[in-house]
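> Chains as they are written, first to last, in the working numbering: chain D, 50 to 217; chain R, 50 to 217; chain W, 50 to 217; chain X, 50 to 217; chain F, 50 to 217; chain E, 50 to 217; chain L, 50 to 217; chain S, 50 to 217. Where is the CB? At the ideal position from N, CA and C, for every residue including glycine. This one's a predicted model, so the numbers in the text were calculated from it and none came from an experiment.
8 protein chains.
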Amino acid sequence: MGSESDLPVMEETLRILDSFGVPYEVRILSAHRSPHETSAYARDCMGRGIKVLIAGAGWAAHLAGVVAAETTLPVIGVPVDSSPLKGMDSLLSTVQMPPGIPVATMAIGRGGALNAAIFALQILATSKPDLQQKLVDYKKGMAADVIQRKNRNLEEYLLNRKTGASAS
Amino acid sequence: MGSESDLPVMEETLRILDSFGVPYEVRILSAHRSPHETSAYARDCMGRGIKVLIAGAGWAAHLAGVVAAETTLPVIGVPVDSSPLKGMDSLLSTVQMPPGIPVATMAIGRGGALNAAIFALQILATSKPDLQQKLVDYKKGMAADVIQRKNRNLEEYLLNRKTGASAS
Amino acid sequence: MGSESDLPVMEETLRILDSFGVPYEVRILSAHRSPHETSAYARDCMGRGIKVLIAGAGWAAHLAGVVAAETTLPVIGVPVDSSPLKGMDSLLSTVQMPPGIPVATMAIGRGGALNAAIFALQILATSKPDLQQKLVDYKKGMAADVIQRKNRNLEEYLLNRKTGASAS
Amino acid sequence: MGSESDLPVMEETLRILDSFGVPYEVRILSAHRSPHETSAYARDCMGRGIKVLIAGAGWAAHLAGVVAAETTLPVIGVPVDSSPLKGMDSLLSTVQMPPGIPVATMAIGRGGALNAAIFALQILATSKPDLQQKLVDYKKGMAADVIQRKNRNLEEYLLNRKTGASAS
Amino acid sequence: MGSESDLPVMEETLRILDSFGVPYEVRILSAHRSPHETSAYARDCMGRGIKVLIAGAGWAAHLAGVVAAETTLPVIGVPVDSSPLKGMDSLLSTVQMPPGIPVATMAIGRGGALNAAIFALQILATSKPDLQQKLVDYKKGMAADVIQRKNRNLEEYLLNRKTGASAS
Amino acid sequence: MGSESDLPVMEETLRILDSFGVPYEVRILSAHRSPHETSAYARDCMGRGIKVLIAGAGWAAHLAGVVAAETTLPVIGVPVDSSPLKGMDSLLSTVQMPPGIPVATMAIGRGGALNAAIFALQILATSKPDLQQKLVDYKKGMAADVIQRKNRNLEEYLLNRKTGASAS
Amino acid sequence: MGSESDLPVMEETLRILDSFGVPYEVRILSAHRSPHETSAYARDCMGRGIKVLIAGAGWAAHLAGVVAAETTLPVIGVPVDSSPLKGMDSLLSTVQMPPGIPVATMAIGRGGALNAAIFALQILATSKPDLQQKLVDYKKGMAADVIQRKNRNLEEYLLNRKTGASAS
Amino acid sequence: MGSESDLPVMEETLRILDSFGVPYEVRILSAHRSPHETSAYARDCMGRGIKVLIAGAGWAAHLAGVVAAETTLPVIGVPVDSSPLKGMDSLLSTVQMPPGIPVATMAIGRGGALNAAIFALQILATSKPDLQQKLVDYKKGMAADVIQRKNRNLEEYLLNRKTGASAS
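Following this line, the structure appears as structure tokens:
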């Protein structure tokens, strides 16, 4: 991630990777304040067996692009909404990459950080059938959660609403 | 792709995949006009051995999201700039996905279509060393093209400029 | 609605429908997390005698579009302002539908949820004279409320203001 | 419609209504240049047996709102992209209606005009089974057109592409 | 103003008019909820000797435009920032008027409400030399306030800053 | 106006003022390139009997604000759409004036230039009954033009449409 | 700066200049409320040996442009995010200057105010080798801070996270 | 500049530097396609006696930021309007730099490229009195051009207009 202040957003990525038991490493690497370390880190990743890179940054978010310039590994970008423009600046800085150097851009903020982890897992799963199965189960779990738990909560709410209305 | 009119943008994807010799199939599948075919196609991809999906669409571009809802394969989205809002609508409709269902969003338009192909290749290359090498070569070729050919053209332009200036 | 978190917005819809005594049912149906249930629900509505559908969702709000793809019943969309972009993303994702599959889009947030109910009633009222009359009365009530109660409050405010000013 | 210059957009509405054989009338009624005629027209519609109103306008598009203020009939708004801001102004002026006075807003431009007609038909069809059937058929036709004709064209294109590539 | 909720913004207008001793009247008149009263009020203003109209409204702010449609008196519009889009919707709905029906649009929010009063006074002052003089004095007062009081505060701040820095 | 290139927009202002027979003068005065002449011109206007100022400019359009800083005469601003941002930059630079220094902002481009003239006439008319009458007549003419001529054209179009349709 | 209310943003500029021991002066100078003092101050700067000007302002931020119109010294603009549009208005008003009169625009808000100081120092350092060395050291310090302190904090966080997870 | 396609915009920079007789060098250096050459070039500039850097790029324009990360020389950024978003993406990517690494951002497109040259000259002129004098003369020339030539053209236009009007 580009700055310490991105951690409250990017910890969603860690949470998901932990829950899938997939190992990772985390660094604060600024495209602008520590450019050599950032470039070197991105360049060396492939040799060290790393498979996917996730870059989260705010404002004029160049981190994902600078990392993508140094490697042919897939790079996933998370626009962080830390500026007054609410992440529109980091979204456009991350997604509008020139031909030849893609950055796979996720939604702005915490939801995007969560999805960056899921998408990284989906990439890894293209060659790991057991991880693919875990993703299929996770997806089923989400559906079940919506279909059952959430709609049960909703029914309760609607019941309370009706009772409340008739009681008042 | 969501519509026949997306073809002039999405052919950039085909061009790159052809040049890397990676097989693919192409369909017009509308999230809104042919929803069942779209869902069924997305659902069946994994069983047919497809590894990555690319969805290009304009306006309220739901295609990539609808496809991502049906599979745990990586889905790449290309916002097409066919509406009066110049693709801002398709960008936001594609990238702002809810937690759990990522779409890897590329730049708006033809450059994004080209990058969707490169990013798909980068995913495949995580388990195919020979493809990885081709991508490394492609990247070196891009660098060389900028460093040599483009700067030679520039020098020529600058020379003509100087001569033209002194001649006039 | 697409998520539990849309309920504080969408309860405005319920409040209005309750006050007009029009029966309804409520579901959490995610275009992305529970796509089959969502499609099946939308597809079966007409057969079950449902007349109008209202879909509220935030971020890349595909719900209304996905529902509209499955039915020829009128679908009303409410963009919810839950993302950092304050509903501009859900507005464009809801309103910019392709030719052939309309979504009747309302204002962003609670006001839009209220209006979704009114608009649904207006649709129903095209074939129910008594409901039409209720809507006419509701509209007269709104006018009277502005003309009388609100302007009386204003006059009081102005009077206090003047007295306050002369007293200070 | 608000102005003569909206006709090239709004004729899409007429084309669809004609093809479904549903009678309509068309007026140029400006919220700002002919306010009394506009209000009177909107007010008298219900008494004349009109069921749905469609209002297309550009710039600060007040027409749909002004019409909706005068009637409890459903009002559909089409934002026209005639200003330098490409319809973002007319979209926001049409969709962001205050609580109590909904305008069912369609996409910007010709696609929105087409959808306004479809949506009007969907409203009428809630009490006309034969029109409902026509809409179901229209929807099936769209799906078939995508699934068959468009994908056949695509296959041809792909074939030509391959042949062209091998020939060159 | 279009709604009771606009009062905290529009009271800036009243404050300035009071301070210049210029008489005024205030009404809540909704373009959408009480259209006839709004039109009638606007139409009758000129006959009652009113010289300038100020309309403040939020969301799809049609009030100023609807008032301007009914009179040839100068109409000043104040976009109120009450929606999630922070007044961008009310700004565009107010300022993008069609040819022939101008609305003199002020800044979004309280500053715009204050300026609406100043601008109304500037209009009146074109034929009232004594009011013109008061405006000239007000302008001089603003300049003096910036030049003297505010820069004195700033100097104090800078002094404290220096002392604080050396003390710490 | 701020630049020669604003003339194709601002000539709409001249056309209206000519048609009302109201005398005016025109200058190219740049807030940035000729600041002293601009300030001096604005400052001297009141003494020379000028009643209203109209300023048209594009990009970071400071002209209206700089003029308003120098005078208590009413200043009307016309944002010109000469930049890649299509006048959004000039609109915000013109309308978002700080408290105390209003600029009456019109729509972007030629329509705004036309309206600047109408609004200037409306200001002058507050103390000139004959001009007021001309404005009332102009407004009636606009209404008549919409009601009669434009709707006659429309009827013709509809007739041709029907005939064309039955002939084909 | 254009107003007292810009001080909480612009004090970042002072903090950096203080830490580099570079002398400066601070004024509140409004482009609109005290135009003559602002113009005179800008005009006289060069004669008084001032080398760089920094202008911070919000809303329709004309200050930097008005200052740049009066001098050939480099002018740096800081858009302040004080309006409902979150500084998009001040950014466009500051950056979109016409040909011939540049304003070097920084990021919106406090980060931009800090950078205005750094950029001013970079300008001064083009002819002051000792200041250049200080800037090089400052840059190294930033890199070291990211590389060491921040990543140490991050490691601690990750360790706590793991322990916390295993403890729970 | 980041790409060959930026040349039609960036040649404005060259034109101005040529006309002031200030030497320069031009390179195509892509932040993403040739990152090492770009970094190395930026890093070595100071040692080679270069005083100011100008970077023009479109889309997610990282070039200026990447260059600024490598040097303490002043870096000027020109957002190029080559994408469907008309330069809003390159503007935000260039201007919203994080604290510590400023980029002096100019207007979007050719005007910004021209201003980049002027601003570079203003930086150089802080230690070169003869260049300062040339800039003062250039500024006087711009003022004279507006005051004399442009207003003469305008007068001619107005005269033709009047004659044309009376002749018709």
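Tell me which same chain residues have a C-beta within less than 6 Å of the C-beta of R201/W, skipping the five on either side of it?
Looking up residue 201/W in the third sequence gives position 152. Cβ within range, chain order: n/a, list empty.
> In this structure, does DSSP put A104/L in helix, strand or coil?
Locating residue 104/L in the seventh sequence gives position 55, where the first residue counts as 1. In this structure, DSSP gives A104/L an extended state, which the three-state scheme calls strand.
> Would you decide whether E61/X is buried or exposed? Buried here means 16 or more other CB atoms lie within 10 Å of its CB.
Taking the fourth sequence and counting its residues from 1, one reaches residue 61/X at position 12. By the 10 Å Cβ count, E61/X comes out buried.
> Can you give the beta carbon distance from G105/L to D55/L, rounded, assuming they're within the 8 Å contact cut?
In the seventh sequence, residue 105/L corresponds to position 56, counting from 1. In the seventh sequence, residue 55/L corresponds to position 6, counting from 1. At roughly 5 Å, the Cβ-Cβ gap stays under 8 Å, so G105/L and D55/L are in contact.
> Compute the beta-carbon to beta-carbon distance between L220/F and V115/F, rounded to the nearest angstrom, for a pair I have assumed lies under 8 Å.
Look at the range of chain F in this structure, 50 to 217, and you will see that residue 220/F is not part of it.
> Please state whether DSSP places I125/W in a helix, a strand or coil.
In the third sequence, the residue the question calls residue 125/W occupies position 76. The answer is strand: DSSP assigns I125/W an E or B state.
> Is any beta-carbon of chain S found at less than 7 Å from that of S68/E?
As a position in the sixth sequence, residue 68/E is number 19, starting the count at 1. Cβ-Cβ to chain S under 7 Å: no for S68/E.
> Anything in the region 87-101 of chain E with a Cβ closer than 9 Å to a Cβ of chain F? List those residues in chain order, please.
M95, K100, V101
> With distances taken from CA atoms, which of M191/W, K177/W, V127/W is nearest G160/W?
What you label residue 160/W is simply residue 111 of the third sequence in a count that begins at 1. When each option's Cα is compared against that of G160/W, the closest is V127/W.
> Using only the alpha-carbon positions, how far apart do E74/L and R97/L sit?
Position 25 of the seventh sequence, counting from 1, holds the residue named residue 74/L. Position 48 of the seventh sequence, counting from 1, holds the residue named residue 97/L. Taking the straight line joining both Cα atoms gives about 12 Å.
> Listed in chain order, which residues of the region 175-204 of chain D have Cβ atoms closer than 7 Å to some Cβ of chain W?
M191, A192, V195, I196, K199, N200, N202, L203
> Flag I77/S as yes if its beta-carbon sits less than 7 Å from any beta-carbon of chain R, otherwise no.
The residue you call residue 77/S lines up with position 28 of the eighth sequence. It does: the Cβ of I77/S has a partner Cβ on chain R nearer than 7 Å.
> Assuming G149/L and M191/S are in contact, meaning their beta carbons sit under 8 Å apart, how far apart are those beta carbons, in whole angstroms?
Locating residue 149/L in the seventh sequence gives position 100, where the first residue counts as 1. Locating residue 191/S in the eighth sequence gives position 142, where the first residue counts as 1. Going by Cβ atoms, the distance from G149/L to M191/S rounds to 5 Å, so yes, they are a contact pair.
> Using a C-beta to C-beta distance shorter than 9 Å, which residues of chain X count as neighbours of G104/F?
Start at 1 with the first residue of the fifth sequence, and residue 104/F comes out as number 55. The sequence shown places Ala at residue 104/F, rather than the Gly named in the question. Within chain X, no residue comes near A104/F; the closest Cβ sits about 12 Å away, beyond 9 Å.
> What residues of chain L sit near D130/F, judged by a beta carbon separation below 7 Å?
To locate residue 130/F, count along the fifth sequence from 1; it is residue 81. Simply P133.
> When we look at the beta-carbon of S68/D and count the other beta-carbons within 10 Å, is it buried (16 or more) or exposed?
Within the first sequence, residue 68/D is the residue found at index 19, counting from 1. Label assigned to S68/D: exposed.
> Express the C-alpha separation of R82/L and D130/L in angstroms, rounding to a whole number.
Start at 1 with the first residue of the seventh sequence, and residue 130/L comes out as number 81. Start at 1 with the first residue of the seventh sequence, and residue 82/L comes out as number 33. Approximately 20 Å, taken between the alpha carbons.
> For T154/R, list the residues DSSP reports as bridge partners.
One-based indexing of the second sequence puts residue 154/R at position 105. According to DSSP, which records beta bridges pairwise, T154/R is partnered with T154/D, G126/R.
> Would you call P147/R buried or exposed, if buried means 16 or more other Cβ atoms sit within 10 Å of its Cβ?
The residue given as residue 147/R occupies position 98 in the second sequence. Answer is buried; the Cβ neighbour count reaches 16.
> At 3 residues or longer, and completely inside the region 50-108 of chain W: list those beta strand (DSSP E) runs for me, N to C.
102-106
> List, from N- to C-terminal side, the alpha helix (DSSP H) runs of 4 residues or more that fit wholly inside the region 185-213 of chain L.
Fully enclosed alpha helix (DSSP H) runs of 4 or longer: not present.
> At a cut of 8 Å, does the region 160-173 of chain X reach the region 132-148 of chain W through at least three beta carbon pairs?
yes
> For G136/W, does the count of other Cβ atoms within 10 angstroms reach 16, so buried, or fall short, so exposed?
Translated into positions along the third sequence, residue 136/W becomes position 87. By the neighbour-count definition (other C-beta atoms within 10 Å, threshold 16), G136/W is a buried residue.
> Do S142/L and A109/L have their CB atoms nearer than 7 Å?
Start at 1 with the first residue of the seventh sequence, and residue 142/L comes out as number 93. Start at 1 with the first residue of the seventh sequence, and residue 109/L comes out as number 60. In contact: S142/L and A109/L (Cβ atoms closer than 7 Å).
> Tell me, please, whether the CB atom of R82/R is closer than 7 Å to any CB atom in chain X?
Locating residue 82/R in the second sequence gives position 33, counting from the first residue. Output row for R82/R: interface = yes.
> Mind checking K188/E: buried by the 16 CB within 10 Å criterion, or exposed?
Within the sixth sequence, the letter at position 139 stands for residue 188/E. With 16 or more other Cβ atoms within 10 Å, it is buried.
> Within 7 Å (strictly less), CB to CB, does A156/R reach chain D?
Within the second sequence, residue 156/R is the residue found at index 107, counting from 1. By this cut-off, A156/R is an interface position.
> Under 9 Å Cβ-Cβ, which residues of chain W neighbour M59/R?
Here residue 59/R refers to the residue found at position 10 of the second sequence. Per Cβ cutoff of 9 Å: no residues; M59/R is ~16 Å from chain W at best.
> Roughly how many angstroms separate the alpha carbons of A80/D and L170/L, rounded to a whole number?
Working through the first sequence from its first residue, we reach residue 80/D at position 31. Working through the seventh sequence from its first residue, we reach residue 170/L at position 121. One C-alpha to the other measures close to 22 Å.
> Does G126/F come within less than 7 Å of chain L when only Cβ atoms are used?
Residue mapping note: residue 126/F aligns to position 77 of the fifth sequence, counting from 1. No, its Cβ sits nowhere closer than 7 Å to a Cβ of chain L.
> Can you give the beta carbon distance from A91/S to E53/S, rounded, assuming they're within the 8 Å contact cut?
Residue numbering aside, residue 91/S sits at position 42 when the eighth sequence is read from its first letter. Residue numbering aside, residue 53/S sits at position 4 when the eighth sequence is read from its first letter. The pair is not a contact, with the Cβ atoms about 20 Å apart (cut-off 8 Å).
> For K199/W and A113/X, what's the separation of their Cα atoms in angstroms?
Stepping through the third sequence from its first residue, residue 199/W is reached at position 150. Stepping through the fourth sequence from its first residue, residue 113/X is reached at position 64. Computed Cα separation, rounded: 25 Å.
> I want to verify the contact list: residues of chain R whose CB lies under 9 Å from the CB of E119/W, in sequence order.
For the purposes of this step, residue 119/W is identified with residue 70 of the third sequence, where counting begins at 1. Here the neighbours are P84, H85.
> What residues of chain D sit near L56/W, judged by a beta carbon separation below 8 Å?
If you number the third sequence from 1, residue 56/W lands on position 7. Those are L203, Y206, listed as they occur along chain D.
> Please name the residue in Q181/E, I196/E, R210/E whose C-alpha comes closest to that of A89/X.
As a working mapping, residue 89/X is identified with position 40 in the fourth sequence. Considering only alpha carbons, the answer is I196/E.
> My assumption, with CB atoms under 8 Å, is that T154/E sits in contact with L184/F. Please give the rounded CB distance.
Translated into the one-based positions of the sixth sequence, residue 154/E becomes position 105. Translated into the one-based positions of the fifth sequence, residue 184/F becomes position 135. Not quite, the Cβ-Cβ distance comes to about 20 Å (not below 8 Å), so this is no contact.
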